[in-house]
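Last residue of the sequence shown: 257 in my numbering, with the numbers rising by one and none dropped.
Note that the Cβ used here is the ideal one computed from N, Cα and C, for glycine as well.
Only a predicted model underlies this, so the values are computations on that prediction, with no experimental measurement involved.
Here the structure comes first, spelled out in structure tokens, and everything after it is commentary.
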Amino acid sequence: MTETPRAQRFTDRRVVVTGAAGGLGKVVADLFRAEGARVVATDVAVAEGVVACDLSDDVARDAFVADSLAELGGLDVLCNVAGILKFSPLPVMSAELLRKHYEVNALAPLMLAKGFSEALIESTGNIVSVASISSVMGQPYNVAYCSSKAALLLGMRALAIEFGAHKVRVNCVSPGGIETPMTGNAATGLPEDVNWEWIAKSQSVIPGFMPPQDVAESLLFLASDAAASITGANLVVDRGTVW
Ligand SMILES: NC(=O)c1ccc[n+]([C@@H]2O[C@H](COP(=O)([O-])OP(=O)(O)OC[C@H]3O[C@@H](n4cnc5c(N)ncnc54)[C@H](O)[C@@H]3O)[C@@H](O)[C@H]2O)c1
15 MTETPRAQRF TDRRVVVTGA AGGLGKVVAD LFRAEGARVV ATDVAVAEGV
65 VACDLSDDVA RDAFVADSLA ELGGLDVLCN VAGILKFSPL PVMSAELLRK
115 HYEVNALAPL MLAKGFSEAL IESTGNIVSV ASISSVMGQP YNVAYCSSKA
165 ALLLGMRALA IEFGAHKVRV NCVSPGGIET PMTGNAATGL PEDVNWEWIA
215 KSQSVIPGFM PPQDVAESLL FLASDAAASI TGANLVVDRG TVW
């Protein structure tokens, strides 16, 4: 089967993609490369072509920023994809679980934005971050994830204002269910007596989980020059779940 050639919207653009060993992040990194970008891909998990870094570790994250800037010579796009999700009913939800969600899902992408800020101002680049429909709707047994993604979304919107004067754009994509390892693992460990009717309320009007490419395409759109006048936005890509 011959593949349709891609548009080459990112020729020689310098891009950092986090979560690049994961279901969505790998596709995002591959698509940026397929459109001509020079990509530094990172993840806490070991994978080929991926720089290992625990982004919740302040020292490791700062070192990753410095190393990426040295390798790329600047930055045009920061693409925050890394994230964690573990359902937990309130009686068993721990401070550790809550803290880890905040560190990975909110603190790390916001501190990466700070770390790369001078380079992004220099290039008038942009930031695209993966939030979630869980940032705009409550979900049962999902306090940690929902609150962490809401913090990410509003944090990025606040940054869009500060960066606006420098013409650096900051946007989020909020996906519904994607076919990735995260979706399969999220509910493991939930007790049998949870209310599955509540959980079912997060189903989409177009049935089924989305292939990662459907979400990746929206990230690339927001990172591209076609979105030159879009900042502070939250593009919901969810087959009709939030309505
Ligand atoms: N899968 C879904 O249905 C869904 C829906 C909405 C939003 N999202 C979001 O999409 C993004 C990608 O998720 P995915 O579905 O590809 O899941 P995934 O689990 O396949 O990928 C997430 C990646 O993040 C990495 N990661 C976790 N902790 C990290 C850390 N401390 N430092 C660096 N990397 C770390 C993981 O190793 C993993 O490779 C996440 O932000 C997730 O919250 C996913």
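Query: Need the endpoints of the alpha helix (DSSP H) that ILE135 sits in, please.; Result: 131-137
Query: Please report the distance separating the alpha-carbon of LEU112 from that of SER70.; Result: 13 Å
Query: For PHE78, I'd like the list of residues in its chain whose CB is within less than 8 Å of its CB, leaving aside the five on either flank, ordered along the chain.; Result: THR56, VAL65, CYS67 and LEU69
Query: Could you tell me the alpha carbon to alpha carbon distance between ALA200 and ASN185, rounded to whole angstroms?; Result: 25 Å
Query: Below 8 Å, is the gap between the Cβ of ILE141 and the nearest heavy atom of ligand 1?; Result: no
Query: Quick one: is the Cβ of THR197 within less than 8 Å of any heavy atom of ligand 1?; Result: yes
Query: Quick one: is the Cβ of GLU110 within less than 8 Å of any heavy atom of ligand 1?; Result: no
Query: Could you have a look at SER143 and say whether DSSP puts it in helix, strand or coil?; Result: strand
Query: Within 8 Å: the Cβ of GLU117 and any heavy atom of ligand 1?; Result: yes
Query: Grab the span of the beta strand (DSSP E) containing LEU99 for me, first residue to last.; Result: Per DSSP, LEU99 belongs to no beta strand (DSSP E) and is neither H nor E.
Query: Going by the C-beta, is LYS181 closer than 8 Å to any heavy atom of ligand 1?; Result: no
Query: Regarding VAL54 and ligand 1, is the C-beta to nearest heavy atom distance less than 8 Å?; Result: no
Query: Which residues mark the beginning and the end of the alpha helix (DSSP H) in which ARG23 is found?; Result: Here ARG23 belongs to no alpha helix (DSSP H), and DSSP marks it neither H nor E.
Query: Here's the rule: buried if 16 or more other CB atoms are within 10 angstroms of the residue's CB, otherwise exposed. What is ASN209?; Result: exposed
Query: With a 10 Å radius around its C-beta and 16 neighbouring C-beta atoms as the bar for buried, classify GLY190 as buried or exposed.; Result: buried
Query: Suppose you measure from the CA of GLU136 to the CA of LEU86; what does that come to, to the nearest Å?; Result: 13 Å
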